[in-house]
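So for the sequence shown, this note's numbering puts the first residue at 54; every next one is plus one.
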Amino acid sequence: MPADTTSTESNVSQGKKTISMSTAIAYFVFSLLINSAGNVLTLVTSAKIHPSYLGAAYWTAASANFGTALHWNLFWAFIIVGIMTIILNAILIGHWSWKRAIGNMIFMVPFSALIQVFADFFNGKYPIFGGLPEARGPVMVVLYILLNFVGVALIAIAISIYQRVNLVLHPADDLMQVLRFKYFKGHAATAMWVSYIPPTILAVIALIMTHQFTNFGLGTIFAFLFQGGITGFADRTIFPRLHHQAVDVGKIE
C-alpha cells in the first residue's frame, strides 16, 4: 500500500470539534466494535491453524505474549500494557493530562472486555455459535489467512475512525497519533511503524521469560507492513467527511 501523505493541514481540526457529541459517540461505538472483533479474529485464526504460523496484529500479539509470560488473561494484559503506554504518551507530549489519561482508561475497559467477549464467541463459548473450527485442509487454511488479514484491516479502519473522532483513544493509538502529527507530518504508515517499538520490547521480554514466540507470524508481518497504510487510506475513503477533531500532541518543534 502506498505511504500515506495526508498532511496535518488538510484534515486536522486543531483545538476544536466540528461534529456533535452524539455523532462522535456513534462513530466511536462502531469503531470500537470492529476493532475488538478484528483483534480477536487475528488471534483466533492464528490459533486454529496448526502449526500456528499466522500470528495476530502487532500490539495484540505482543500484549498477549507479555500477559502469558506474567500469567495474566487477555483483559489484564491489555489493561496493564495500556497503562504503561499512557505514561509513555505523557512523556512524548511533554505534560501529564488527567483528562487524556482517564479517556485512555475509559477506552481500555470496554475494549478489553469486548476482546474477551469476542474471544469467547469465536471460540464457541456461547450457545448461539459453535466457534471457528480447526483448520483442516488447504481451503480452510486459505480462508483463515484471509480472515486474519481482514481482522488486521478492520483494526486499521477502526483506528482511522476513532482517531479522527478523537473522543477517547486506546493508548497505543494515541501513541501513534502523537507520533504521526508531532514528529512525522501526518504520515500514518511511518508513525505506525515507530509505534511498534514498545510492543517489540514487550515481546522480547516475554520471549526471554517463556522461551516461546507465539502469536507472531504471517498475519503479524502483514499488520506491520500494511496496517498504518490502511489507516491512512481509510482516512480518505471511509467516512471521508470525518476529519481529525481537536488533535493535541503537545508542542510541535
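Even glycine gets a Cβ: it sits at the ideal position worked out from N, Cα and C. These numbers come from a predicted model, not from an experiment.
DSSP places A130 inside the alpha helix (DSSP H), whose first and last residues are 127–146.
A direct Cα-Cα distance of roughly 11 angstroms separates S165 from I133. Nearest to F275 by alpha-carbon distance, out of D173, I261, V231, L199, is L199.
Approximately 25 angstroms separates the beta-carbon atoms of S150 and A130; this is outside 8 angstroms, ruling out the contact. Taking one beta carbon from each stretch, the segment 245–258 and the segment 105–116 have 3 or more pairs nearer than 8 angstroms; the two touch. Taking I144 as reference, the option from V300, D227, T71 with the minimal CA-CA separation is D227. Here S99 is buried. Its C-beta has 16 or more other C-beta atoms within 10 Å. Three or more Cβ pairs closer than 8 angstroms define a contact, and the segment 281–299 meets that threshold against the segment 231–245.
For D226, the enclosing alpha helix (DSSP H) stretches over residues 224–231. Beta-bridge partners of F182 (DSSP): Y179. By the neighbour-count criterion, in which a residue is buried when 16 or more other Cβ atoms sit within 10 angstroms of its Cβ, M161 is buried.
In this structure, L127 places its C-beta atom within 8 angstroms of the C-beta atom of A172.
If you ignore the 5 residues before and after I261, its C-beta comes within less than 8 angstroms of no other C-beta in its own chain. By the neighbour-count criterion, in which 16 or more other beta carbons inside 10 Å mark a residue as buried, M137 falls on the exposed side. In this structure, G135 is the residue among G135, T121, N268, G147 with its C-alpha nearest to the C-alpha of G156.
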